[in-house]
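Down below is the structure, laid out as structure tokens.
Numbering (the working numbering), first residue to last: 1 to 93.
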């Protein structure tokens with residue numbers, strides 16, 4: 001039972017590292033701006049990058065060098081997919 005708990009924590013840590021390895025604000029978009037697909041990804045991992053940005057000045061939630069509207073649309077779409085969208089607002093009790 002003890003090994004299972006340790007393995008679960010290691011798996012969760014590994015998943016968080018994988019998700020935040022492509023976090024916004026790195027040097028990847030120094031020449032070409034981030035587009036729709038990167039906005040979608042950055043919106044999807046926004047929760048994890050927010051937690052890490054509280055402890056690190058090198059990680060941001062939003063990519064500064066983006067192509068404008070399409071990046072913003074992808075970011076909002078990614079955030080809404082990750083946090084459940086508006087489906088809970090339409091459910092009846």
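Even glycine gets a Cβ: it sits at the ideal position worked out from N, Cα and C.
Inspect the beta-carbon positions of residue i and residue j and report whether they are closer than 8 Å.
| i | j | result |
| --- | --- | --- |
| residue 39 | residue 83 | no |
| residue 43 | residue 77 | yes |
Report buried or exposed for residue i, applying the criterion of at least 16 other Cβ atoms within 10 angstroms of its Cβ.
| i | result |
| --- | --- |
| residue 6 | exposed |
| residue 14 | exposed |
| residue 61 | buried |
Name the two residues that bound the continuous alpha helix (DSSP H) containing residue i.
| i | result |
| --- | --- |
| residue 52 | 46-55 |
| residue 71 | 69-82 |
What number of angstroms, rounded off, separates the C-alpha of residue i from the C-alpha of residue j?
| i | j | result |
| --- | --- | --- |
| residue 57 | residue 65 | 17 Å |
| residue 46 | residue 68 | 18 Å |
| residue 80 | residue 50 | 15 Å |
| residue 71 | residue 3 | 42 Å |
| residue 33 | residue 16 | 25 Å |
| residue 75 | residue 11 | 26 Å |
| residue 59 | residue 9 | 23 Å |
Pull up the DSSP beta-bridge partners for residue i, would you.
| i | result |
| --- | --- |
| residue 94 | Past the boundaries of the shown model lies residue 94; the chain is included only from 1 to 93, so the question cannot be answered. |
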